[in-house]
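Chemist:
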Amino acid sequence: NNTNIKKIYIMGFLETLNAIPEDFDYTIKKYEELGVHVFIIQQNPFYDKMLFERHKRSKSNNAKFSITINQYEDQLKDFRKFQEKYKNSSAVTFITIEDILCDNETCPIEKEGYTYYNDARHLSNYAISLLKERIQKSL
Numbered sequence: 001n002n003t004n005i006k007k008i009y010i011m012g013f014l015e016t017l018n019a020i021p022e023d024f025d026y027t028i029k030k031y032e033e034l035g036v037h038v039f040i041i042q043q044n045p046f047y048d049k050m051l052f053e054r055h056k057r058s059k060s061n062n063a064k065f066s067i068t069i070n071q072y073e074d075q076l077k078d079f080r081k082f083q084e085k086y087k088n089s090s091a092v093t094f095i096t097i098e099d100i101l102c103d104n105e106t107c108p109i110e111k112e113g114y115t116y117y118n119d120a121r122h123l124s125n126y127a128i129s130l131l132k133e134r135i136q137k138s139l
């Protein structure tokens, strides 16, 4: 019980939401009781491992190495449920990132020669640097 903690950031929790949503609700409730503000950073797009491996072997930067906005929205359906559930909570803030990693149609693995990913799911230092300002503004 450390009441010195005032903020906590959570990212990449979709599997948790799918597996044990009641545990997530319990965790949020306990943080609220402690006066801790929870910032939930939207899950980044993720890719089929085979697509990512083909991208690594290719010298091409084109749309075949991306997912569509609709595919990303499908990945986010559980995130959106929790976003709706906690939209009026003063203890929870959602930080969205799709406008940083995606355009109006696709979410590419790389842009202008800079890769957004270390592997099919985990963001590269370059992508994290793009998100840094958005996250810092929430402090």
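Numbering-wise, the sequence shown is residues 1 to 139 according to this note's numbering.
Ideal placement from N, C-alpha and C gives every residue a C-beta, glycine not left out.
#1: Considering only DSSP beta bridges, list what C107 is partnered with.
#2: According to the Cβ coordinates, are E98 and Q42 closer than 8 Å?
#3: My guess is that I47 and I109 are in contact by the Cβ rule of under 8 Å, so how many angstroms apart are they, rounded?
#4: Can you grab the Cα-Cα spacing for the pair S66 / C107, in whole Å?
#5: Given Q83, which residues of its chain have a CB within under 7 Å of its CB, disregarding the five upstream and five downstream residues?
Modeler: Let's see:
#1: I67
#2: In this structure, E98 lies near Q42, with their beta-carbon atoms less than 8 Å apart.
#3: For clarity, residue 47 is Tyr in the given sequence; the question names Ile instead. Contact flag correct, Cβ pair sits at about 6 Å.
#4: 5 Å
#5: Cβ neighbours of Q83 beyond the five flanking positions: F94.
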